[in-house]
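The opening residue of the sequence shown carries number 57 in the working numbering; numbering runs sequentially from there. Just below is one structure, and these are the notes that go with it.
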Amino acid sequence: MLDCGTVREELSAYIDNELPSAERREIEQHLQVCMGCFKEYMQLQATSAIMRSLREIEPPPGFNDRVKERLRQEEKRGMWQRIARKPWHSLGAAAAALLLVIGAWSWFLDGGLARFPGTLSGPPAVADKEAGLSREAAEV
Numbered sequence: 057m058l059d060c061g062t063v064r065e066e067l068s069a070y071i072d073n074e075l076p077s078a079e080r081r082e083i084e085q086h087l088q089v090c091m092g093c094f095k096e097y098m099q100l101q102a103t104s105a106i107m108r109s110l111r112e113i114e115p116p117p118g119f120n121d122r123v124k125e126r127l128r129q130e131e132k133r134g135m136w137q138r139i140a141r142k143p144w145h146s147l148g149a150a151a152a153a154l155l156l157v158i159g160a161w162s163w164f165l166d167g168g169l170a171r172f173p174g175t176l177s178g179p180p181a182v183a184d185k186e187a188g189l190s191r192e193a194a195e196v
């Protein structure tokens, strides 16, 4: 017996009579015992019936020629014209990231944290304790 996932994947082909008879029978058996798949089958069948009832609409005269011409024009456009038509959000974000990297790099090359002497010496308690130990060693 087929599982629900397989049946639901094949429902459209089942409705359109595109399946071999053995597979059709398996789907029919599943639809008799599975209410969820049967409901989906009924909805898909109703949608299919509505789609078949719609009449086909012809495009206006010259439509195909206009589309082909527009495609040819698009192919002829240069790289810069295509870039100019794109949204600039991603380019702005890339420029901001580049400026941030350049700024951080120049700050690092200019000394970075070494320009702030209090930040590299550690907590004051540790520095005071080490100073006291070195005084005691000098007195001995």
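Ideal Cβ placement from N, Cα and C applies to all residues, glycine included.
For residue i versus residue j, is the C-beta spacing smaller than 8 angstroms?
i, j, result
"GLU96", "LEU127", "no"
"CYS93", "ARG133", "no"
Express the C-alpha separation of residue j and residue i in angstroms, rounding to a whole number.
i, j, result
"ALA79", "ILE71", "In the sequence under discussion, the amino acid at residue 79 is Glu, which differs from the Ala named in the question. Approximately 12 angstroms, taken between the alpha carbons."
"ASN73", "ILE83", "12 angstroms"
"PRO116", "ARG81", "45 angstroms"
"THR62", "GLU125", "44 angstroms"
"SER162", "GLU130", "43 angstroms"
"ALA160", "GLY148", "18 angstroms"
"GLN99", "SER77", "22 angstroms"
"GLN101", "ALA69", "11 angstroms"
"ALA153", "ARG111", "54 angstroms"
"ILE158", "ASP166", "12 angstroms"
"PHE164", "LEU155", "14 angstroms"
Pick helix, strand or coil for residue i, following the three-state DSSP scheme.
i, result
"ASN120", "helix"
"LEU100", "helix"
"ILE113", "coil"
"LEU154", "helix"
"GLY167", "coil"
"GLY134", "coil"
"GLU74", "coil"
With a threshold of 7 angstroms (Cβ to nearest heavy atom), would residue i be considered close to the ligand MN?
i, result
"MET91", "No copy of the ligand MN appears in this structure; indeed no ligand is present at all."
May I ask which residues mark the beginning and end of the alpha helix (DSSP H) holding residue i?
i, result
"ARG81", "77-89"
"LEU58", "Note, LEU58: premise wrong, no alpha helix (DSSP H); not H, not E."
(message) Measuring CB atoms only, is the region 116-123 touching the region 92-108, in the sense that at least three cross pairs come out at less than 8 angstroms?
(response) no
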